[in-house]
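Those letters in the sequence shown? Residues 1 to 119, by the numbering used here.
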Amino acid sequence: AGTAAWVCTRAETWRGEGARVLAQFRTPGGPVGAVAAKAEDVPACGARAPHVLAGVLWKSEAGTWYLLAAGSRDVTSLEATGGVSGSAQGNLLTVEAEQGARADLKGTLKGGKPVEGLG
1 AGTAAWVCTR AETWRGEGAR VLAQFRTPGG PVGAVAAKAE DVPACGARAP HVLAGVLWKS
61 EAGTWYLLAA GSRDVTSLEA TGGVSGSAQG NLLTVEAEQG ARADLKGTLK GGKPVEGLG
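This is the structure:
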């Protein structure tokens with residue numbers, strides 16, 4: 001039991017090219033985060049485009065698998081399609097899933113602009 005954490009990190013070179021973005025998920029009490037999604041040469045998680053959306057499959061202590069997805073603060077709704085289906089208002093989504101399932105994530109920002117899942 002406890003609270004999980006989502007972290008988005010962005011690394012850029014002084015030349016301004018080759019930016020790398022990682023979305024990481026840390027379980028309650030876990031010492032390190034697992035990479036949930038990654039991308040290169042995208043504006044996500046930066047000063048120009050701070051919005052990000054990512055998801056990860058997680059196995060509960062009871063043995064049930066879930067898709068856990070999170071968006072940045074300005075995400076107002078989330079939707080998962082593909083191997084996992086579900087939607088939620090706000091910037092968090094939890095949907096029961098099968099082990100190894102893959103989902104396409106989409107979100108909506110305040111004002112109605114869409115945001116896609118990272119990586």
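Quick reminder that beta carbons are idealized off the backbone N, C-alpha and C, glycines included.
Q99: not part of any beta strand (DSSP E); DSSP gives it neither H nor E. Counting only runs of at least 3 residues, the stretch 49-75 fully encloses the following beta strand (DSSP E) elements, listed from N- to C-terminal order: 53-59, 65-71.
Put simply, the stretch 36-49 does not touch the stretch 75-89. Fewer than three CB pairs are less than 8 angstroms apart.
Just measuring C-alpha positions, the residue of L109, L105, K106, K59 sitting nearest E96 is K59.
CA-to-CA, the gap between A103 and W14 works out to about 35 angstroms. Two segments are said to touch when three or more pairs of C-beta atoms, one from each, lie closer than 8 angstroms; by this definition the stretch 1-9 touches the stretch 24-34.
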